[in-house]
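Heads up, the thing below is written out as structure tokens.
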Amino acid sequence: MEFDKLAKQFWNDGFVVLESFFKSDEMERLCHLSFKQFGESPDFVHDAEFLKRSKADVIPWFPQREGVLDFDAVGNQSNLQRLTAAILGKEWQEQYTMVMFSNRNSDGQSWHQDCPPEDASLFNLNRLVYPHDIDDRTGGRTVVMPGSHRRGVLPAGAPNEDLDGQIVLELKKGTLVLLHGHCWHRVLPIDDCKRVSINYRAAPAGTPDDITDVCVYRNMRYRFSTAEVVEDRV
Ligand SMILES: O=C(O)CCC(=O)C(=O)O
Ligand SMILES: [Fe+2]
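Laid out in structure tokens, this is it:
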């Protein structure tokens, strides 16, 4: 694997997509575990006002916090570790593993940056694993804006409109996407399928643990820990 070349591509585009990075049987195992955890109609953890304004129609689960270690082997795979080090440097740190579930016919997620971009050195790295296919049939494709991790704050505006230059990813089972937390991204609405993605979040050494507490949307900045809008943007 050409780690340095991929790292260069990451720093240029703000993301890199690697198909067939993980084995099919591992993906089926994680997919099954995830869907079993969420069941048919899981409760939302966020309040209704947040869901309405962010359209973040996604339910997170942090397996390690409950002593569930079944997701760790995929995160500990050596190629993933080496690629992470090529991007972040030797001193990078793991943050947490977050399984994200979206139900059938749900909204996806609006454009956002996972953390404020004002200080370019303070960011999270999303290491997204897709344990099932995400395509035009399922909906829920992830949209990214190449190079936007270098463009500062996501412009205020309509939460979900198409933006010039966006790329709509097709994600096959076993795909890894590395995505800079300042890179503008969103998730399209889901069709009649359940969707799950697994994010092995990491960051450069010394990054505060709560780096992703404030998320930047086109209509607001929102602080998860206190469940409050900290800035109205439109
Ligand atoms: O599930 C995805 O494709 C993207 C999720 C996302 O926005 C994130 O993990 O920060
Ligand atoms: Fe995100």
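Using my numbering, you'd call the opening residue of the sequence shown number 1055 and step up by one each time.
Don't be surprised by glycine CBs; every beta carbon is placed ideally from N, CA and C.
Could you tell me whether the Cβ atoms of L1060 and L1137 are closer together than 8 Å?
-> As a first step, residue 1060 is located in the sequence shown; it is residue number 6 there, counting from the start. As a first step, residue 1137 is located in the sequence shown; it is residue number 83 there, counting from the start. Yes, the pair counts as a contact, with Cβ atoms nearer than the cut-off.
W1065 versus H1239, R1181, P1262 and H1234, residue with shortest Cα-Cα distance | Working through the sequence shown from its first residue, we reach residue 1065 at position 11. Out of H1239, R1181, P1262 and H1234, H1234 has the C-alpha closest to the C-alpha of W1065.
Closest by CA to R1287, which one among T1280, M1274, R1119 and P1209?
-> For the purposes of this step, residue 1287 is identified with residue 233 of the sequence shown, where counting begins at 1. Of T1280, M1274, R1119 and P1209, the residue nearest in Cα terms is M1274.
What distance in whole Å lies between the Cβ atoms of I1265 and L1225, which are believed to be in contact at a cut-off of 8 Å?
-> Your numbering for residue 1225 matches position 171 in the sequence shown. Your numbering for residue 1265 matches position 211 in the sequence shown. Not really, about 25 Å apart at Cβ, beyond 8 Å.
Using 10 angstroms around the beta-carbon of S1132, count the other beta-carbons present and answer buried if the total reaches 16, otherwise exposed.
-> Taking the first residue of the sequence shown as 1, we reach residue 1132 at position 78. Exposed is the call here.
Hey, would you say R1181 sits closer than 8 Å to L1242, going by beta carbons?
-> Locating residue 1181 in the sequence shown gives position 127, counting from the first residue. Locating residue 1242 in the sequence shown gives position 188, counting from the first residue. Going by C-beta atoms, R1181 is not nearer than 8 Å to L1242.
Those residues which DSSP pairs with R1255 across a bridge | Mapped onto the sequence shown, residue 1255 falls at position 201. BP columns for R1255 point to Y1150.
Are the beta-carbon atoms of H1236 and Q1147 separated by less than 8 Å?
-> Translated into positions along the sequence shown, residue 1236 becomes position 182. Translated into positions along the sequence shown, residue 1147 becomes position 93. No, they are not a contact pair.
In its own chain, which residues sit with a C-beta less than 6 Å from the C-beta of S1251, not counting the 5 before and 5 after it?
-> Counting from 1 along the sequence shown, the entry for residue 1251 is found at position 197. Excluding residues within five positions, the ones whose Cβ falls inside 6 Å are M1154, L1182 and Y1184.
What does DSSP give as the partner residues of F1155 in its beta bridges?
-> As a working note, residue 1155 is residue 101 in the sequence shown. Partner(s): I1113 and V1250.
Just to confirm, are K1114 and D1124 a CB contact at a threshold of 8 Å?
-> In the sequence shown, the residue the question calls residue 1114 occupies position 60. In the sequence shown, the residue the question calls residue 1124 occupies position 70. It is worth fixing the name first, because residue 1114 is Pro in this sequence and not Lys. No, Cβ-Cβ distance for P1114 and D1124 is not below 8 Å.
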